Structures are given as C-alpha cells and as structure tokens.
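Notes to accompany the following structure.
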Amino acid sequence: MTAVIPPPDADTGLLDVRPLTRTEDGGPLHALLWHAGPGWRMVSSAVLGGGIAERSWVLNAQVAHGYRRTDPAAHLAGIARAAGAGGAGVGLMTAADVSAFGRAHDGGVEAVATAGIAVRGWAASPEEGTAGFAEPGTINIIAAVPAALTDAALVNAVATVTEAKVQALLDAGHDCSGTPTDAVCVAARVPRPGAAAHAFAGPRSLWGARLARAAYHAVRSAVPAAV
408 MTAVIPPPDA
418 DTGLLDVRPL
428 TRTEDGGPLH
438 ALLWHAGPGW
448 RMVSSAVLGG
458 GIAERSWVLN
468 AQVAHGYRRT
478 DPAAHLAGIA
488 RAAGAGGAGV
498 GLMTAADVSA
508 FGRAHDGGVE
518 AVATAGIAVR
528 GWAASPEEGT
538 AGFAEPGTIN
548 IIAAVPAALT
558 DAALVNAVAT
568 VTEAKVQALL
578 DAGHDCSGTP
588 TDAVCVAARV
598 PRPGAAAHAF
608 AGPRSLWGAR
618 LARAAYHAVR
628 SAVPAAV
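Residue numbering for the sequence shown follows the working numbering, beginning at 408 and increasing consecutively.
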C-alpha cells in the first residue's frame, strides 16, 4: 500500500534558483544557480565542492549527452564564475534538461530536483563498478534546511533525501532505486554562536521528516510517471 504523503506547503523563497542558458557543444544548455550567500554549511556528493564545508552557491548544470571532458570540476567552476558566483560553491551536472525541474517545500525546508531516468536500475547490482569519473548524473537533488545541523546530521540528511527519492520513484511506477550517477546537496545554516546544532536528520526527526517530504515531492514532480 502506498503511503499518503501530505502535499507541500507554501514556498518560502529560501532556495531561490535562477535559470541560466549558455551555448556549448553546438547548442543551448541550461543550468540552475542558487546564490545562497554566506551562513550555509553544505554536504554534497557533487564533483565540485563535495564533502562537508561552508559554501555560498550551488550550480546544477546541464551538459551534452556523451560528455567527455576530463575536468568537470573546473568546467562547473567556470560556468558558475561566468554567472557571477564567487567564493566556494557546489557544482552538480547532468545530461537531463534542468529547466524542467521539480520544486517542493515543507515546514521551511525546500528542495529542487532535476531528473532524467533513461539509464536507471537498482543500487545493488551484479555489474562491476568503475574507478573513474562516470558520465553526469541524471537525478540531482538540492535541498535547504533553515536550521543548523551537526556533521553527523548532515550525513543523515543525505540518507534521508536518498530514501525519499527511492520512495518517489516507486510511487511513480518505476522499478528502480535511481540512476548510477545521482547526486545530492543538502544545505543547512551555520550554527549561531552559543547555539546547539540539531543532531539528527533521519526521516522521523523534526527536520528530517520535513526534508524527506520536500525531497519526495520535488522528485515526484520532476520524474515522469511510468507508462
């Protein structure tokens, strides 16, 4: 039985992504840029700015199918600089059209997802993995939490977003857990002096529950239903 997920609430304007278009590889390619500004700690699996650190922007850039550049981090940094992003940031890339993104909000948490699922499957597979950089991911999720999270909670938040993504894919009728190169970025506030950060972001925690619902609805609105 499919669980009934409450609909997303009102947009708070926290995760204000700006659409960009550039000409590359002989045609127009789109991108989404979030100028977060100072005061954010981010956890990400992205090729640029991955790990846990303070970051001031997030870029989700569409690249051409069959992407073969060997400097993806430098490529993303150049796109961000050309769009006016300064300082340290996070850069994700995908061959999917990011202009067709999904957005959702829940209890102050916001999420944006872009998705193309032509190449999809289950995470546990008998196929051998690759050691190098894989082709750009096709389900990218960016989420913003208006509260401070510990390092452990940030890692927990990535797991929560991923669980919500799989739930959304199954509810949309897709027999898969994602694509081989999906990426995630979760942003949380830098703790205020003297204030404690939230230690948990699992799906039944205060902020994790909101994060899960926002990510779920963002993916559901970005992923086409199975036919």
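Glycine is no exception: its CB is placed at the ideal position from the N, C-alpha and C atoms. Note that the structure is predicted; figures quoted are calculated from it, not measured.
Considering just the uninterrupted stretch of the beta strand (DSSP E) at proline 553, what are its terminal residues? The count along the sequence shown starts at 1 and reaches residue 553 at position 146. Segment 546 to 555, the beta strand (DSSP E) holding proline 553.
Reduced DSSP secondary structure (H/G/I, E/B, other) of arginine 462: As a working mapping, residue 462 is identified with position 55 in the sequence shown. Correct three-state label for arginine 462: coil.
DSSP three-state call for glutamate 431: helix, strand or coil? Within the sequence shown, residue 431 is the residue found at index 24, counting from 1. Looking at glutamate 431 - three-state DSSP - the assignment turns out to be strand.
With DSSP as the reference, label glutamate 517 as helix, strand or coil. If you number the sequence shown from 1, residue 517 lands on position 110. The answer is strand: DSSP assigns glutamate 517 an E or B state.
Please name the residue or residues paired with tryptophan 447 in a DSSP beta bridge. Numbered from its first residue, the sequence shown carries residue 447 at position 40. In DSSP, tryptophan 447 forms a bridge with Arg596.
Which value, in whole angstroms, describes the spacing of the CA atoms of alanine 495 and glutamate 517? Your numbering for residue 495 matches position 88 in the sequence shown. Your numbering for residue 517 matches position 110 in the sequence shown. Cα to Cα, the separation comes out at about 21 Å.
With the cut-off set at 8 Å, would you say valine 497 and leucine 556 are in Cβ contact? In the sequence shown, counting from the first residue as 1, residue 497 sits at position 90. In the sequence shown, counting from the first residue as 1, residue 556 sits at position 149. No, they are not a contact pair.
Outcome for tryptophan 614 when other beta-carbon atoms lying within 10 angstroms are tallied against a minimum of 16: Position 207 of the sequence shown, counted from the first residue, corresponds to residue 614. Classification for tryptophan 614: buried.
If we count the other Cβ atoms within 10 Å of its Cβ and call it buried at 16 or more, is methionine 408 buried or exposed? The sequence position of residue 408 within the sequence shown is 1, counting from 1. With a pLDDT of 41 at methionine 408, under the threshold of 50, the modelled position of that residue is not reliable, and no figure is offered here.
Histidine 482 lies in the alpha helix (DSSP H); which residues open and close that run? Within the sequence shown, numbered from 1, the residue matching residue 482 stands at position 75. Residues 479 to 489.
Might you give, ordered along the chain, the residues of its own chain that have their beta carbon closer than 6 Å to the beta carbon of glycine 514, omitting 5 neighbours on each side? By 1-based counting over the sequence shown, the position of residue 514 is 107. So the list reads Arg617, once near-sequence residues are dropped.
What whole-angstrom Cβ distance do histidine 442 and alanine 492 have, given they're in contact under 8 Å? Here residue 442 is taken as the residue at index 35 of the sequence shown, counted from 1. Here residue 492 is taken as the residue at index 85 of the sequence shown, counted from 1. Sure, about 7 Å apart at Cβ, within 8 Å.
Could you compute how far the alpha carbon of histidine 605 sits from the alpha carbon of arginine 627? As a working note, residue 605 is residue 198 in the sequence shown. As a working note, residue 627 is residue 220 in the sequence shown. Distance from the CA atom of histidine 605 to the CA atom of arginine 627, rounded to whole angstroms, is 27 Å.
Which residue's Cα is closest to the Cα of valine 526: Ala594, Arg620, His581 and Pro600? As a working note, residue 526 is residue 119 in the sequence shown. Here the closest residue by C-alpha is His581.
For arginine 620, which three-state DSSP category applies? For the purposes of this step, residue 620 is taken as residue 213 along the sequence shown, with counting starting at 1. The answer is helix: DSSP assigns arginine 620 an H, G or I state.
Please name the residue, chosen from Pro631, Gly457 and Val424, that lies closest to valine 519 on a Cα-to-Cα basis. Along the sequence shown, one-based indexing puts residue 519 at 112. Of Pro631, Gly457 and Val424, the residue nearest in Cα terms is Val424.
Shortest alpha-carbon distance to valine 568 belongs to which of Ser463, Ser452 and Val470? Position 161 of the sequence shown, counting from 1, holds the residue named residue 568. Comparing Cα-Cα distances from valine 568 to each of Ser463, Ser452 and Val470, the minimum goes to Ser452.
Where DSSP assigns a beta bridge to arginine 527, which residues make up the other side? Sequence index remark: in the sequence shown, residue 527 carries index 120 (1-based). None, per the DSSP bridge assignment.
Where DSSP assigns a beta bridge to glycine 585, which residues make up the other side? What you label residue 585 is simply residue 178 of the sequence shown in a count that begins at 1. Looking at the DSSP assignment, glycine 585 forms a beta bridge with Gly528.
8 Å contact criterion, which glutamine 469 and alanine 503 should meet: CB distance rounded: For this step, residue 469 is matched to residue 62 along the sequence shown. For this step, residue 503 is matched to residue 96 along the sequence shown. Right, the Cβ-Cβ distance comes to about 7 Å (below 8 Å), so this counts as a contact.
Per DSSP, what kind of secondary structure is alanine 629 in: helix, strand or coil? The sequence position of residue 629 within the sequence shown is 222, counting from 1. Correct three-state label for alanine 629: helix.
How big is the Cα-Cα spacing for tyrosine 474 and aspartate 589? On the sequence shown, residue 474 is found 67 positions in, with the first residue counted as 1. On the sequence shown, residue 589 is found 182 positions in, with the first residue counted as 1. If you take the alpha carbons of tyrosine 474 and aspartate 589, they lie about 15 Å apart.
Apply the 10 Å Cβ neighbour rule to glycine 420 and answer buried if 16 or more other Cβ atoms are within range, or exposed otherwise. As a first step, residue 420 must be located in the sequence shown, where it is residue number 13. Under this definition glycine 420 is an exposed residue.
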